[in-house]
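Novice: Below are the structure tokens for one structure; questions will follow.
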Amino acid sequence: MRDDELLEEDPMLAAVVRELRRPVAPTSQAAERALATLTGERRRRRAGWPLAAAAVLVIAWSLSHMSDAARPVRFALQAPASAQVTLIGDFNDWDPHQIPLHARAGEWSATVRLRPGRYRYSFVVDGSRWVADPQRAATTDDDFGTPTSVITVAH
Amino acid sequence: MPTDRSFHLRRLWLLATLAAPALSAQEPRLAARLSPGTALEVQHLVDSATRAALPAEPLIQKALEGESKGADSARIVGAVEALLQRLRIARRSLGSGATEPELVAAAAALRAGASPVTLGALRSLRPDQSLVVPLSVLADIIAAGVTPEQAWSSVRDMANTGAGDAAFLALRDRLTNTPRAADALPPEARRPPTEAPPASRPVRP
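The following block contains the structure:
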């Protein structure tokens with residue numbers, strides 16, 4: 003049986019086929035919706051680029067500043083007869099209470115994290131005696147007449 | 211009278227508005243550790259540094275150091291003032307791109323006796339590398355008794371080779387651990403001083 007014969011026999015089927023064959027013109031609203039979908043898609047795609055660029059910049063900045071990161075520096079003083087030794091300097095507001103050293107076999111020591119730079123410091127023994135670090139260079143830029151040492155933390 | 215009260219209130223409000231930034235900018239560590247008069251004088255110097263885009267922290271540390279060492283007000287203020295002046299010279303010599311650690315190291319070199327011209331020359335030799343270690347080494351070598359000219363000669367020659375920080379520190383250790391540090395200079399550093407380096411050399415902005 004041919005298609006035409008089928009359609010002649012079944013009016014309902016014929017109506018459905020007619021409806022399906024009817025050309026459909028896109029409305030202006032449909033066109034706008036389609037355009038909005040497309041541009042929205044593009045916008046989302048574009049929005050990803052700044053994020054990626056920012057991530058690259060952050061990584062580059064982090065790598066370039068890795069050398070500026072603080073690193074542990076050990077300070078030590080042989081003072082077996084002392085009851086207390088503290089570290090005082092440019093890195094702790096010259097506050098004798100911030101960094102107490104710990105004694106082990108007569109050696110007092112503490113480890114401090116410092117960024118690259120030049121720091122002046124001293125030990126305070128038994129709360130009143132200022133002692134320069136015998137392991138490091140003394141500094142001449144002491145304006146107050148007490149023994150002061152200097153340490154240079156490299157990059 | 212309501213008008214008078216309103217006038218006084220407005221005047222108080224104006225005073226409070228004007229004083230607010232100054233009060234909020236006051237460094238609490240200075241106020242906590244120094245006498246009011248000393249803290250005020252140091253604060254003026256710190257403000258001056260900030261206006262000149264110079265780091266304030268080294269000045270604060272200098273003042274706190276003085277307090278910790280029991281120095282009197284005049285000595286503390288004098289030391290902070292002198293450091294501010296050295297930081298200014300360091301900034302002029304190294305350029306506006308100098309970092310705070312570089313300025314601190316440069317100020318130490320100046321204090322030790324290095325010439326401002328040498329700082330600019332060092333920047334020209336290492337335009338893209340940190341000057342913290344070379345400047346600090348320069349300060350240490352001079353402090354150890356080497357003349358500023360000889361010390362600069364050593365540092366300059368090392369910088370010319372493109373040496374890294376470790377090499378500068380090794381040079382410093384070699385020179386400062388010797389009782390007569392000047393005798394331990396490398397042969398090329400013993401020649402008569404050829405300073406000062408040309409001032410026309412470009413300085414990193």
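Here the protein sequences line up with chains C and G, keeping their order.
Here the first sequence stands for residues 3 to 157, numbered as in my numbering.
Here the second sequence stands for residues 211 to 415, numbered as in my numbering.
Even for Gly, the Cβ is constructed at its ideal location relative to N, Cα and C.
Are there three or more Cβ pairs, one per stretch, closer than 8 Å when the region 274-284 of chain G is compared with the region 305-318 of chain G?
Specialist: no
Novice: Quick one, which of G:289, G:375 and G:315 has its alpha-carbon nearest residue 301 of chain G's?
Specialist: G:315
Novice: Name the two residues that bound the continuous alpha helix (DSSP H) containing residue 271 of chain G.
Specialist: 267-278
Novice: With 16 other CB atoms within 10 Å as the buried threshold, where does residue 176 of chain G fall?
Specialist: Only positions 211 to 415 of chain G appear in the structure, and residue 176 of chain G is not among them; the question remains open.
Novice: Please name the residue in G:345, G:337 and G:250 whose C-alpha comes closest to that of residue 235 of chain G.
Specialist: G:250
Novice: Which residues, taken in chain order from the region 115-147 of chain C, show a beta carbon closer than 7 Å to some beta carbon of chain G?
Specialist: 118, 119, 120, 139, 141, 142, 143, 145 and 146
Novice: With H, G and I counted as helix, E and B as strand and the rest as coil, what does DSSP make of residue 10 of chain C?
Specialist: helix
Novice: Could you give the DSSP three-state label for residue 2 of chain C: helix, strand or coil?
Specialist: In this structure chain C extends from 3 to 157, so residue 2 of chain C is not present and cannot be described.
Novice: Does DSSP put residue 117 of chain C in a helix, a strand or coil?
Specialist: coil
Novice: Alpha carbon to alpha carbon, how far is residue 344 of chain G from residue 336 of chain G? Give it in angstroms, no decimals.
Specialist: 10 Å
Novice: In this structure, how does DSSP classify residue 130 of chain C when only helix, strand and coil are distinguished?
Specialist: DSSP places residue 130 of chain C in the coil class of the three-state scheme, outside both helix and strand.
Novice: Counting only C-beta atoms, is residue 353 of chain G closer than 9 Å to chain C at any point?
Specialist: yes
Novice: Looking at the C-beta of residue 314 of chain G, does it have a partner C-beta in chain C at a distance below 9 Å?
Specialist: yes
Novice: Going by beta-carbon coordinates alone, are residue 74 of chain C and residue 115 of chain C separated by less than 9 Å?
Specialist: yes
Novice: How close, in whole Å, do the beta carbons of residue 347 of chain G and residue 382 of chain G come, if the pair is a contact with beta carbons under 8 Å?
Specialist: 4 Å
Novice: So, for residue 146 of chain C: in the same chain, excluding its five sequence neighbours on each side, which residues have a beta-carbon less than 6 Å away from its beta-carbon?
Specialist: none
Novice: Let me check understanding here. Comparing Cα to Cα, which of C:149, C:127 and C:11 lies closest to residue 104 of chain C?
Specialist: C:127
Novice: Assuming contact is defined by CB atoms lying nearer than 9 Å, are residue 293 of chain G and residue 97 of chain C in contact in what I supplied?
Specialist: no
Novice: Give every residue of the same chain whose Cβ lies closer than 6 Å to the Cβ of residue 353 of chain G, excluding the five residues on either side of it in the sequence, and list them in chain order.
Specialist: 322
Novice: Spatial neighbours of residue 375 of chain G within its chain, please: C-beta separation below 7 Å, excluding the five flanking residues on both sides.
Specialist: 343
Novice: Give the DSSP bridge partners of residue 88 of chain C, in chain order.
Specialist: C:102 and C:126
Novice: Is residue 388 of chain G helix, strand or coil when you go by DSSP?
Specialist: Below a pLDDT of 50, predicted positions are generally treated as unreliable, and residue 388 of chain G, at 43, falls in that range; no measurement from the model is reported.
Novice: Express the C-alpha separation of residue 52 of chain C and residue 360 of chain G in angstroms, rounding to a whole number.
Specialist: Annotation: residue 360 of chain G to residue 52 of chain C spans about 53 Å, alpha carbon to alpha carbon.
Novice: Can you check whether the C-beta of residue 180 of chain G is within less than 9 Å of a C-beta belonging to chain C?
Specialist: Absent from the structure is residue 180 of chain G, since the part of chain G shown begins at 211 and ends at 415.
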